[in-house]
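Student:
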Amino acid sequence: MEMNVVIAQYKETHPAFIRDSWIGIGLLSIVSFTSLAMIVCFGCLIVLELKKQSSFMSATTKRQQTQLIKALVVQTIIPTLASFSPCSFSWYQPLFGIDGWKWLQSTNSIVMSIFPVLDPVSTILILPAFRRLKSLSLYLVGTNKDSSAVRVHTASCL
1024 MEMNVVIAQY
1034 KETHPAFIRD
1044 SWIGIGLLSI
1054 VSFTSLAMIV
1064 CFGCLIVLEL
1074 KKQSSFMSAT
1084 TKRQQTQLIK
1094 ALVVQTIIPT
1104 LASFSPCSFS
1114 WYQPLFGIDG
1124 WKWLQSTNSI
1134 VMSIFPVLDP
1144 VSTILILPAF
1154 RRLKSLSLYL
1164 VGTNKDSSAV
1174 RVHTASCL
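Mapping of the sequence shown onto this note's numbering: residues 1024 to 1181, in sequence order.
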C-alpha cells in the first residue's frame, strides 16, 4: 500500500529524524505562508489598480468592482480558515505540548465538510444580484415519440 503523508516527530526519536522533521515542517510553513503573502500582496495590488482606474469607471462599474472584491476577499478567507489554519495548527501543536488530536480531527472534518457549501453561499450573500434571486427555473427538456414538444417546469428553490 502506498501512502503520501507528512509525519513530523519532534522528540523521542533519532536526532536525524528530528532534524528532518524540522526541515520538512519549516519548508511546508514557508510555502504556505508565502502563498498567503502572495494572495494578500496581489489583492492589495488589485485594489490599488482599481482605485487608480476608478476615475475612468462609471458608478455602476465601481459598485460592481467593489462587490466583486468583497466576494473575492471572503472566498479567500474561508479556505484560509477552513484548510490552512487547522493544518498549520496540527503541524505545530506537538511542539507546544498541546494534545488536541480528537478535538482537531472532529473540528477539521466538520469545517472541511461545510466548506463546499460555505464558499458559494458566501458569494450569494455578498453579491446583490444573487441575493435578489427568488427562484430558479429548472428546464427539463423531454421529447415524445409522437411530438417534439418541449416541457418547461419551474421550481422554487429559495
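Yeah, the Cβ is synthetic: ideal placement off N, Cα and C, and Gly gets one too.
I'd like the span of the alpha helix (DSSP H) that includes Ala1039, first residue to last.
Tutor: Looking up residue 1039 in the sequence shown gives position 16. Start and end: 1038-1076.
Student: Just to confirm, are Leu1127 and Ser1113 a CB contact at a threshold of 7 Å?
Tutor: Locating residue 1127 in the sequence shown gives position 104, counting from the first residue. Locating residue 1113 in the sequence shown gives position 90, counting from the first residue. It is a contact, given that the beta carbons lie within the stated cut-off.
Student: For Ser1160, count neighbouring C-beta atoms within 10 Å of its own C-beta (all shown protein chains included) and say buried if the count is 16 or more, exposed if not.
Tutor: As a position in the sequence shown, residue 1160 is number 137, starting the count at 1. Because the pLDDT of Ser1160 is 39, which lies under 50, any placement of that residue in the model is unreliable, and the question is left without a value.
Student: Since Phe1138 and Ile1101 should fall inside the 8 Å C-beta cutoff, what is the C-beta to C-beta distance between them, to a whole number of angstroms?
Tutor: The sequence position of residue 1138 within the sequence shown is 115, counting from 1. The sequence position of residue 1101 within the sequence shown is 78, counting from 1. 7 Å between Cβ atoms; contact.
Student: Suppose contacts are defined by Cβ-Cβ distances below 7 Å. Is Ala1094 in contact with Ile1149 by that definition?
Tutor: Taking the first residue of the sequence shown as 1, we reach residue 1094 at position 71. Taking the first residue of the sequence shown as 1, we reach residue 1149 at position 126. Contact: yes.
Student: Go to Asp1142, then tell me how far its alpha helix (DSSP H) extends in each direction, as first and last residue.
Tutor: Your numbering for residue 1142 matches position 119 in the sequence shown. 1124-1149 is the extent of the alpha helix (DSSP H) around Asp1142.
Student: Suppose you measure from the CA of Ser1136 to the CA of Thr1083; what does that come to, to the nearest Å?
Tutor: In the sequence shown, residue 1136 corresponds to position 113, counting from 1. In the sequence shown, residue 1083 corresponds to position 60, counting from 1. If you take the alpha carbons of Ser1136 and Thr1083, they lie about 36 Å apart.
Student: Note the first and the last residue of the continuous alpha helix (DSSP H) segment covering Phe1112.
Tutor: Counting from 1 along the sequence shown, the entry for residue 1112 is found at position 89. From DSSP, the alpha helix (DSSP H) with Phe1112 extends over 1108-1115.
Student: Tell me whether Gln1098 sits in a helix, a strand or coil according to DSSP, three-state version.
Tutor: The residue you call residue 1098 lines up with position 75 of the sequence shown. Helix at Gln1098.
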